[in-house]
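This report refers to the structure that appears directly beneath it.
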Amino acid sequence: MNELTKKVNEVTTRRQQPAELLAKFALFIDGAPKTVQTYRRAVRQLFNYFSIKGIKEPKREDIIAYRDDLKAAGLKPTTVQNYITAVRLFFSWTEQEGYYPNVAEHIKGAKLDRAHKKDYLTTAQVQEILKATAGETLKDERDFALLALMVTGGLRTIEVSRANVGDMRVLGNQTVLYIQGKGREEKTEYIKIAPPVEKAIRAYLRRRQDTSDSAPLFASTSNNNAGGRMTTRSISAIAKSRMQAAGFDSERLTAHSLRHTAVTLALLAGRDITEVQQFARHSNIATTMIYNHALDQAKNRCSDAISEAIF
Numbered sequence: 000m001n002e003l004t005k006k007v008n009e010v011t012t013r014r015q016q017p018a019e020l021l022a023k024f025a026l027f028i029d030g031a032p033k034t035v036q037t038y039r040r041a042v043r044q045l046f047n048y049f050s051i052k053g054i055k056e057p058k059r060e061d062i063i064a065y066r067d068d069l070k071a072a073g074l075k076p077t078t079v080q081n082y083i084t085a086v087r088l089f090f091s092w093t094e095q096e097g098y099y100p101n102v103a104e105h106i107k108g109a110k111l112d113r114a115h116k117k118d119y120l121t122t123a124q125v126q127e128i129l130k131a132t133a134g135e136t137l138k139d140e141r142d143f144a145l146l147a148l149m150v151t152g153g154l155r156t157i158e159v160s161r162a163n164v165g166d167m168r169v170l171g172n173q174t175v176l177y178i179q180g181k182g183r184e185e186k187t188e189y190i191k192i193a194p195p196v197e198k199a200i201r202a203y204l205r206r207r208q209d210t211s212d213s214a215p216l217f218a219s220t221s222n223n224n225a226g227g228r229m230t231t232r233s234i235s236a237i238a239k240s241r242m243q244a245a246g247f248d249s250e251r252l253t254a255h256s257l258r259h260t261a262v263t264l265a266l267l268a269g270r271d272i273t274e275v276q277q278f279a280r281h282s283n284i285a286t287t288m289i290y291n292h293a294l295d296q297a298k299n300r301c302s303d304a305i306s307e308a309i310f
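If you count by numbering that gives the first Met the number 0, then the sequence shown holds residues 0 to 310, one letter each, in order.
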C-alpha cells in the first residue's frame, strides 16, 4: 500500500487532517501564508470527499466527479477553479515525491466568465453615497474618508486593510499613499490622493487617538477591536451598508464596485488605456481592456437605431 493511500485511509478512519502530508505539501507550495492556507483547505476538502465516498485508491474519474460535485453544490466558478488548481498541484507533488501517480493532470476546473459581475456607479450615485455617509461621529468621518479614497484611488479592500498612517507621504507636490497590492509582499506602488480626499482623511485622523506611522490608516471602532486594524470583511460591510443607506441596494453593488467605478470613470473621462492600466495596477492590459470592451458595448447605438426605425 503506497504512502498516499495510507494517509487517505487515516482520514477515512479517523476523519482528521493528515497533518504530516499537508505540512510537507505546504512547504512545497512555498507561497504566501494566505495561499498556503487556501491550498491546504482545498486538499482537506478533497480528503473529506474521499472519506464520504469511501474512495481509498483515487482515480482520474474520482477527481472529475469531485469537480462536478463542487459545481452541483452551487459554488462560484472561481471557487471551483481554485479548488481544482490546488488538487492538480497536490497530485503533481505526490507524483514528484513518488507517493502517488498524478491522477489530476490536465483536469479542467470551471469556465470563468471574464465579464464583470459587479456594477459600477455613476458620478451622481457616488455623490449621493458620500453625502449620505457624511456625519459628525468618528465612524462617519472614517467611512466618508475610506469610501472617498477607494472610489478615487481604485483601491481593493486588502489594500485599504494593509494601509498605515505612515504610508501617506509627499512625493513632489502631491500627497500619495503607498500600498501593498494583491499578491505583493512590499509597499512598492502608490496612488495619488486627491486634495478633497486628503482633507477628509486628515480630518478623520485628527480625531484619532493613535496616529503613529505604524497605526492602521483606518481603524476599527468596534468594542472588540477598537483602534485595531480592520479586516477586508469589515471594510466590505461598511461599503455595502453605506450604499444601502443611500438607497442603492443591489447584489451587484459591493465594495469592489468602488474600484470598478474608478476604472470605468477614468475610461469615460477619455484617459488612455495604458494610463488606466497603470492607475488600476493591472499586471495585464487585457484586464483593463475588459472595462473598455464593456463601455464600447454600452455606446453601441444599434438597438436605438432599430427601435427608431420600427416605432
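Idealized CB from N, CA, C, for every residue including glycine.
Would you report the Cα separation of residue i and residue j, rounded to the nearest angstrom?
| i | j | result |
| --- | --- | --- |
| residue 171 | residue 190 | 13 Å |
| residue 165 | residue 68 | 47 Å |
| residue 120 | residue 266 | 13 Å |
| residue 211 | residue 138 | 19 Å |
| residue 90 | residue 44 | 14 Å |
| residue 49 | residue 234 | 37 Å |
| residue 93 | residue 124 | 52 Å |
| residue 226 | residue 200 | 16 Å |
| residue 289 | residue 262 | 11 Å |
| residue 249 | residue 270 | 29 Å |
| residue 62 | residue 37 | 18 Å |
| residue 207 | residue 195 | 19 Å |
| residue 127 | residue 134 | 13 Å |
| residue 213 | residue 163 | 6 Å |
| residue 260 | residue 285 | 18 Å |
| residue 64 | residue 175 | 50 Å |
| residue 122 | residue 257 | 11 Å |
| residue 272 | residue 282 | 13 Å |
| residue 222 | residue 106 | 47 Å |
| residue 57 | residue 85 | 16 Å |
| residue 19 | residue 73 | 31 Å |
| residue 51 | residue 243 | 42 Å |
| residue 53 | residue 247 | 48 Å |
Mind checking which residues open and close the beta strand (DSSP E) that includes residue i?
| i | result |
| --- | --- |
| residue 175 | 173 to 178 |
| residue 40 | First-last for residue 40: 32 to 52, but that is the alpha helix (DSSP H), not the beta strand (DSSP E). |
From the DSSP output, read off the bridge partner residues of residue i.
| i | result |
| --- | --- |
| residue 194 | In the DSSP output, where bridge partners are listed per residue, residue 194 has none listed. |
| residue 163 | 215 |
| residue 188 | 178 |
| residue 170 | 173 |
| residue 228 | 218 |
Can residue i and residue j be called in contact, C-beta distance under 9 Å?
| i | j | result |
| --- | --- | --- |
| residue 98 | residue 41 | no |
| residue 337 | residue 109 | Since the first residue of the chain shown is 0 and the last is 310, residue 337 is not available in this structure. |
| residue 142 | residue 241 | yes |
| residue 154 | residue 237 | no |
| residue 197 | residue 149 | no |
| residue 151 | residue 193 | yes |
| residue 228 | residue 215 | yes |
| residue 217 | residue 275 | no |
| residue 26 | residue 39 | no |
| residue 268 | residue 130 | no |
| residue 280 | residue 184 | no |
| residue 79 | residue 66 | yes |
Who are the Cβ neighbours of residue i in its own chain at under 6 Å, not counting the five residues just before and after it?
| i | result |
| --- | --- |
| residue 87 | 103 |
| residue 203 | 140, 141 and 144 |
| residue 35 | 25 and 28 |
| residue 71 | none |
So, for residue i: in the same chain, excluding its five sequence neighbours on each side, which residues have a beta-carbon less than 8 Å away from its beta-carbon?
| i | result |
| --- | --- |
| residue 239 | 252, 253 and 254 |
| residue 161 | 178, 179 and 186 |
| residue 219 | 225, 226, 227, 228, 229 and 233 |
Taking the alpha helix (DSSP H) that residue i belongs to, which residues open and close that run?
| i | result |
| --- | --- |
| residue 68 | 59 to 71 |
| residue 266 | 254 to 267 |
| residue 128 | 122 to 132 |
| residue 181 | Premise fails: residue 181 is in no alpha helix (DSSP H) and is neither H nor E. |
| residue 78 | 76 to 95 |
| residue 109 | Careful: residue 109 lies outside any alpha helix (DSSP H) and carries neither H nor E. |
| residue 138 | 137 to 152 |
| residue 275 | 272 to 279 |
Cutting at 7 Å between CB atoms, please list the residues of its own chain near residue i, excluding the five before and the five after it.
| i | result |
| --- | --- |
| residue 100 | 94 |
| residue 157 | 181 and 231 |
| residue 278 | 153 and 265 |
With a threshold of 8 Å, establish whether the CB of residue i neighbours any heavy atom of the ligand ZN.
| i | result |
| --- | --- |
| residue 26 | The ligand ZN is absent from the structure shown, which contains no ligand whatsoever. |
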